[in-house]
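Numbering (numbering that gives the first Met the number 0), first residue to last: 0 to 181.
Note that CB positions come from ideal geometry on N, CA and C, so glycine has one too.
Since the model is a prediction, treat every value here as computed from it, not as a measurement.
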Amino acid sequence: MATRVILTYADYAAIPNDGKRYELHEGDLSVTPAPGTKHQRVVGELFVILHQHVRARAIGQVFVSPIDCILSDTTVVQPDLVYLDRSRSTAISDRGVEGAPTLVVEVLSPSTIQIDRSVKGQLYAKHGVPHYWIVDPERRTIEAFELAGDGYRPAGRLEGRQPAALPPFPELALEPASIWPG
Numbered sequence: 000m001a002t003r004v005i006l007t008y009a010d011y012a013a014i015p016n017d018g019k020r021y022e023l024h025e026g027d028l029s030v031t032p033a034p035g036t037k038h039q040r041v042v043g044e045l046f047v048i049l050h051q052h053v054r055a056r057a058i059g060q061v062f063v064s065p066i067d068c069i070l071s072d073t074t075v076v077q078p079d080l081v082y083l084d085r086s087r088s089t090a091i092s093d094r095g096v097e098g099a100p101t102l103v104v105e106v107l108s109p110s111t112i113q114i115d116r117s118v119k120g121q122l123y124a125k126h127g128v129p130h131y132w133i134v135d136p137e138r139r140t141i142e143a144f145e146l147a148g149d150g151y152r153p154a155g156r157l158e159g160r161q162p163a164a165l166p167p168f169p170e171l172a173l174e175p176a177s178i179w180p181g
């Protein structure tokens with residue numbers, strides 16, 4: 000019978016930098032290839048929009064990947080974007096974000112759709128992340144979810160050409176034309 004090896008943050012931190020994206024999901028190592036250019040354009044556009052909004056209102060901080068979110072000693076993830084409101088600023092350390100941020104944003108890639116829509120959503124809920132966005136560049140949608148009990152419930156959606164505000168940013172009307180490339 001095989002014995003399951005549970006990896007910790009110390010094991011994760013010892014992995015050499017080889018250009019791949021590593022995460023720990025409840026002690027299991029997850030490896031994904033570097034994202035493509037379309038993915039990175041969308042991440043960049045969203046970062047600029049969220050960063051400007053958050054900074055202008057002095058309501059917290061926004062980080063772009065790669066940044067470690069250390070949810071526990073055996074769960075370390077690298078969301079595409081992370082927002083921490085001012086009340087969570089003590090979670091920011093030299094290692095990354097230690098604990099649950101206010102919002103995590105995952106931009107889907109062909110290689111990450113399954114993980115982002117199931118595994119990571121479950122991990123974020125388990126570790127108390129209040130807001131989770133799934134951004135789909137192919138469908139040009141952003142699905143916003145809010146923590147409800149031990150899972151997420153839909154909290155808003157951006158699609159089509161109409162601007163929409165999504166939690167946790169009720170004062171920010173996201174313009175679809177400013178997010179999607181081409």
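Rounded separation between residue i and residue j - CA only
i	j	result
residue 117	residue 6	21 Å
residue 168	residue 29	31 Å
residue 126	residue 63	20 Å
residue 53	residue 172	13 Å
residue 115	residue 103	11 Å
residue 157	residue 11	35 Å
residue 170	residue 139	21 Å
residue 68	residue 178	24 Å
residue 148	residue 155	18 Å
C-beta atoms of residue i and residue j nearer than 8 Å
i	j	result
residue 23	residue 80	no
residue 134	residue 105	yes
residue 142	residue 129	no
residue 165	residue 132	yes
residue 98	residue 82	no
residue 8	residue 72	yes
residue 78	residue 90	no
residue 70	residue 146	no
Nearest residue (CA-CA) to residue i, options the options
i	options	result
residue 176	161, 75, 128, 89	161
residue 66	93, 110, 57, 58	93
residue 40	171, 172, 145, 137	137
residue 17	32, 4, 156	32
residue 20	9, 1, 75, 2	75
residue 37	26, 13, 51, 109	109
residue 86	149, 180, 57, 163	57
residue 150	120, 159, 174	120
residue 180	26, 35, 13, 2	35
Review point. Can you give, in chain order, each stretch of the beta strand (DSSP E) that sits fully within the stretch 123-155 and has at least 3 residues?
Key: 130-135, 140-147
**Study point:** Whole beta strand (DSSP E) elements within the stretch 36-84, 3-residue minimum
**Key:** 59-63, 68-71, 74-76, 80-84
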